[in-house]
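All remarks here apply to the structure that follows.
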Amino acid sequence: MKKFHGSLDLDNLFNVLSRVPTNNLLHFKCISEEWYYIISNNRSFIKVHLENTESTLSGFIFQEKFICSNEDIKKISYMNNTSLERHHDNQDTRSNATIHHEMFSFLPQDVVVLSSCNGLVCCRSCSVFSSPTKTTLYICNPTNKQWLSLGCLDYSKHESIVLTFDPYKDPIDNSTKFHLVRLKKVEIEKENEREEDQDEDGVELSHYFTFELYSSTTKLWKKSDEICYYDGSIKKQGIYIGNVLYWLTDADQILTFDLENQLSLVISTPIPSEEFKAIQEACIGEWKGILCYLVITEHGLHVWHLEDYYEAKWELKFWKSLEDIERENPKFFLNLKNHVLRRVASHQNLWMDPLSFKDGVLLMKVFVHVYFYDIGKNLMVKACNIQDLSTNSLPCPIVLPYSLSLVPL
21 MKKFHGSLDL DNLFNVLSRV PTNNLLHFKC ISEEWYYIIS NNRSFIKVHL
71 ENTESTLSGF IFQEKFICSN EDIKKISYMN NTSLERHHDN QDTRSNATIH
121 HEMFSFLPQD VVVLSSCNGL VCCRSCSVFS SPTKTTLYIC NPTNKQWLSL
171 GCLDYSKHES IVLTFDPYKD PIDNSTKFHL VRLKKVEIEK ENEREEDQDE
221 DGVELSHYFT FELYSSTTKL WKKSDEICYY DGSIKKQGIY IGNVLYWLTD
271 ADQILTFDLE NQLSLVISTP IPSEEFKAIQ EACIGEWKGI LCYLVITEHG
321 LHVWHLEDYY EAKWELKFWK SLEDIERENP KFFLNLKNHV LRRVASHQNL
371 WMDPLSFKDG VLLMKVFVHV YFYDIGKNLM VKACNIQDLS TNSLPCPIVL
421 PYSLSLVPL
C-alpha cells in the first residue's frame with residue numbers, strides 16, 4: 021500500500037479527507053503534490069467526498085440585466101455568506117460579505133450567468149444579439165476553474181436555459197453527466213391560429229412554450245414533443261429540483277417541466293396577488309429538495325412549501341410579520357410596513373425584494389441594502405450595499421445560489 025506523509029496510506033487518506041467540508045478541503049491542496057492530485061483530479065475520491073459530505077450554500081451570484089435592451093451587463097458579483105457564519109458563531113460581524121468580481125475571469129470571454137446546479141454554473145457569451153455568430157454556452161465549475169463549451173443556435177434573450185446536474189443520481193467516477201433544458205417562447209401567428217391555441221377557458225393565446233434538451237452524453241440538442249400552451253411570461257431564472265424544472269411567471273403561476281417524462285404543467289402559487297394592497301415581489305427556491313415560494317407583503321414574509329406537485333397543494337412553513345422583523349433587527353430596519361404599502365403600482369420602486377432562496381437562507385434587498393436572512397436560525401446580517409454589486413440599480417437582476425464543489429469537467 022502506497023503511503024503519504026509517513027503513516028497515512030491511500031485508504032486512510034481518502035477516509036479522512038472525504039469527510040472534510042469543501043471550503044476547508046480546498047486549503048489542503050497546497051500541502052503536497054499528492055494531496056493536490058487527490059483533491060483536484062481523483063474522480064474516485066471526489067465521488068466518495070460527495071457521498072460523505074453535505075452540499076451547503078456558499079453564497080449568491082449577482083448580475084444585472086437590461087429589460088428593454090439587447091445589451092448585456094458584463095459585471096458579475098459573488099457574495100459569500102461567511103458573514104452569516106461569523107454571526108452565528110458570535111464572531112465579529114462589523115464587516116459585510118466579501119464581494120468577488122472576478123469569479124468567471126477564467127472563461128475565455130465575458131458571460132451572462134443563466135443557471136446553477138450542485139456546484140456547476142451555466143453561462144452564455146455576451147454581445148451575441150448584435151453579432152451574426154452563434155451563442156456559446158459554458159458549463160463551468162468556478163471552484164476548480166474547469167469549463168467546457170457548446171454552441172446554441174438562434175438564442176433569444178427572452179428564453180431560459182436551465183442546467184440540471186445530479187451527481188448523486190449520475191455518479192461522477194467516470195464522467196460528469198448533465199443536461200440543459202431550453203425553454204423557448206414561440207409567438208402564434210394570427211392567420212395560423214388553431215383550436216388548440218386557446219387555453220382551457222377558450223381564450224386565444226398569443227404564444228406557447230417549447231422545450232429543447234441537451235445531453236452531455238450524446239452532445240446533441242433534441243426538441244421535445246411537449247408543448248405548453250400558456251400565455252404568461254417567465255419572470256426569473258428556472259430552478260431544478262428532483263427531476264422537475266420550475267419557472268415563476270408573471271401571473272401567480274409556476275410553469276413546470278418533468279425532465280424524465282417530458283411533460284409540462286402550470287400550477288398556481290399558494291396565494292393570489294390581489295389578496296394584498298401593495299404590489300409585492302416573490303421568488304421560488306429550494307429547501308432541502310422541496311420547492312418553496314417566498315413572498316413579502318404588507319403582512320410579512322411568507323414561505324410556502326409545495327407538498328403535492330400534481331394537485332398544487334402548498335403548506336405555509338414560515339411566516340413573520342414586518343413588525344417582528346423590524347423589532348428583532350432595529351439597527352437595520354424602520355417603518356417597513358409603511359414603505360411596503362406605498363408600492364401600489366408595478367412601476368414604483370420596490371422597497372423589499374426577495375432575490376433568491378436556498379436551504380433556509382434568503383437573500384433580499386431592502387431599499388439600497390442587501391441582507392442574508394437565515395430563517396431557520398433567525399439571523400439577519402447585512403451583506404452589502406447595492407452599489408457594491410452594481411451602479412445601475414435595475415429591477416429583476418439575475419441572482420443564483422452557489423455551492424462550492426470539487427466536481428471535475
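Numbering follows my numbering, with no gaps: position 108 of the sequence shown is 128.
Note that the Cβ used here is the ideal one computed from N, Cα and C, for glycine as well.
Could you give the distance in angstroms between the alpha-carbon of residue 244 and the alpha-carbon of residue 170?
Within the sequence shown, the letter at position 224 stands for residue 244. Within the sequence shown, the letter at position 150 stands for residue 170. Straight-line Cα distance between these residues: approximately 19 Å.
So, is residue 129 buried or exposed, given that buried needs 16 or more other C-beta atoms within 10 angstroms?
In the sequence shown, the residue the question calls residue 129 occupies position 109. Per the 10 Å Cβ criterion, exposed.
Roughly how many angstroms lie between the CA atoms of residue 265 and residue 353, to the nearest whole one?
Residue mapping note: residue 265 aligns to position 245 of the sequence shown, counting from 1. Residue mapping note: residue 353 aligns to position 333 of the sequence shown, counting from 1. Cα to Cα, the separation comes out at about 35 Å.
With distance defined between alpha-carbon atoms, name the residue in 283, 190, 185 nearest to residue 229.
Position 209 of the sequence shown, counting from 1, holds the residue named residue 229. Answer by Cα proximity: 283.
Buried or exposed for residue 114, please, with buried defined as at least 16 other CB atoms from any protein chain shown within 10 angstroms of its CB.
Taking the sequence shown and counting its residues from 1, the one referred to as residue 114 is at position 94. For residue 114, the pLDDT reaches just 48, beneath the cut-off of 50, and the residue's location in the model is therefore unreliable, although a value from the coordinates is still provided. Residue 114 comes out exposed.
Pick out whichever of 200, 331, 306 has its Cα sitting closest to the Cα of residue 280.
The residue given as residue 280 occupies position 260 in the sequence shown. For residue 280, the nearest C-alpha among the options comes from 200.
What span of residues does the beta strand (DSSP E) with residue 394 cover, start to end?
As a working mapping, residue 394 is identified with position 374 in the sequence shown. From DSSP, the beta strand (DSSP E) with residue 394 extends over 389–394.
Rounded to a whole number of angstroms, what is the C-alpha to C-alpha distance between residue 323 and residue 300?
Numbered from its first residue, the sequence shown carries residue 323 at position 303. Numbered from its first residue, the sequence shown carries residue 300 at position 280. Between residue 323 and residue 300, the C-alpha separation is close to 14 Å.
Write down every uninterrupted run of the alpha helix (DSSP H) in the stretch 62–143 whose length is 4 residues or greater and which is fully enclosed by it, in chain order.
List check, alpha helix (DSSP H) in window: 63–72, 102–108.
What whole-angstrom Cβ distance do residue 339 and residue 309 have, given they're in contact under 8 Å?
Taking the sequence shown and counting its residues from 1, the one referred to as residue 339 is at position 319. Taking the sequence shown and counting its residues from 1, the one referred to as residue 309 is at position 289. Residue 339 to residue 309, Cβ: 22 Å. No contact.
Using only CA atoms, which one of 332, 331, 355 lies nearest to residue 342?
Residue numbering aside, residue 342 sits at position 322 when the sequence shown is read from its first letter. Nearest C-alpha to residue 342: 355.
How many angstroms separate the CA atom of residue 234 from the CA atom of residue 225?
Walking along the sequence shown from the start, residue 234 turns up at place 214. Walking along the sequence shown from the start, residue 225 turns up at place 205. Cα to Cα, the separation comes out at about 28 Å.
Enumerate in chain order the residues of its own chain whose CB-to-CB distance from residue 14 is below 8 Å, with the five nearest sequence positions on each side excluded.
No answer is possible for residue 14: it lies beyond the span of the chain, which begins at 21 and ends at 429.
Work out the CA separation of residue 91 and residue 180 for me, nearest whole Å.
Here residue 180 corresponds to residue number 160 of the sequence shown, with the count starting at 1. Here residue 91 corresponds to residue number 71 of the sequence shown, with the count starting at 1. Using only the alpha carbons, I get a separation of about 17 Å.
Give the straight-line distance between the Cα atoms of residue 207 and residue 249, rounded to the nearest whole angstrom.
For the purposes of this step, residue 207 is taken as the residue at position 187 of the sequence shown. For the purposes of this step, residue 249 is taken as the residue at position 229 of the sequence shown. Going by the C-alpha atoms only, they are around 11 Å apart.
Since residue 409 and residue 97 should fall inside the 8 Å C-beta cutoff, what is the C-beta to C-beta distance between them, to a whole number of angstroms?
Residue mapping note: residue 409 aligns to position 389 of the sequence shown, counting from 1. Residue mapping note: residue 97 aligns to position 77 of the sequence shown, counting from 1. About 4 Å; that satisfies the 8 Å criterion.
By the three-class DSSP mapping on this structure, what secondary structure does residue 306 have?
For the purposes of this step, residue 306 is identified with residue 286 of the sequence shown, where counting begins at 1. Note: residue 306 maps to strand in three-state DSSP.
Taking contact to mean at least 3 C-beta pairs separated by less than 8 Å, is the stretch 373–388 in contact with the stretch 411–423?
At 8 Å Cβ cutoff, the stretches touch.
Starting from the Cα of residue 251, find the closest Cα among 239, 274, 189, 135 and give me that residue.
Taking the first residue of the sequence shown as 1, we reach residue 251 at position 231. It is 274 whose Cα lies nearest to the Cα of residue 251.
Sort 396, 388, 144, 53 by Cα distance to residue 407 and report the nearest one.
In the sequence shown, residue 407 corresponds to position 387, counting from 1. With distances taken between Cα atoms, residue 407 lies closest to 388.
Could you give the distance in angstroms between the alpha-carbon of residue 360 and the alpha-carbon of residue 396?
Here residue 360 corresponds to residue number 340 of the sequence shown, with the count starting at 1. Here residue 396 corresponds to residue number 376 of the sequence shown, with the count starting at 1. Each residue's alpha carbon lies about 24 Å from the other.
Taking just the CA atoms, how far does residue 185 sit from residue 143?
Sequence index remark: in the sequence shown, residue 143 carries index 123 (1-based). Sequence index remark: in the sequence shown, residue 185 carries index 165 (1-based). If I take the Cα positions, the gap works out to 14 Å.
What are the boundary residues of the alpha helix (DSSP H) that includes residue 345?
Taking the sequence shown and counting its residues from 1, the one referred to as residue 345 is at position 325. Its alpha helix (DSSP H) spans residues 342–348.
Looking only at DSSP bridge pairs, what is residue 405 linked to?
The residue given as residue 405 occupies position 385 in the sequence shown. BP columns for residue 405 point to 389.
Would you check if the stretch 59–78 and the stretch 190–205 touch, i.e. whether three or more CB-CB distances between them fall below 8 Å?
Contact between the stretch 190–205 and the stretch 59–78 is present, because at least three Cβ pairs lie under 8 Å.
Can you list, in chain order, the residues of its chain with a C-beta nearer than 6 Å to that of residue 337? Leave out the 5 residues immediately preceding and following it.
Looking up residue 337 in the sequence shown gives position 317. Once the five neighbours on either side are set aside, the close Cβ partners of residue 337 are 323, 325.
Using a 10 Å radius around the Cβ and a threshold of 16 neighbouring Cβ atoms, would you call residue 38 buried or exposed?
For the purposes of this step, residue 38 is taken as the residue at position 18 of the sequence shown. Result: buried.
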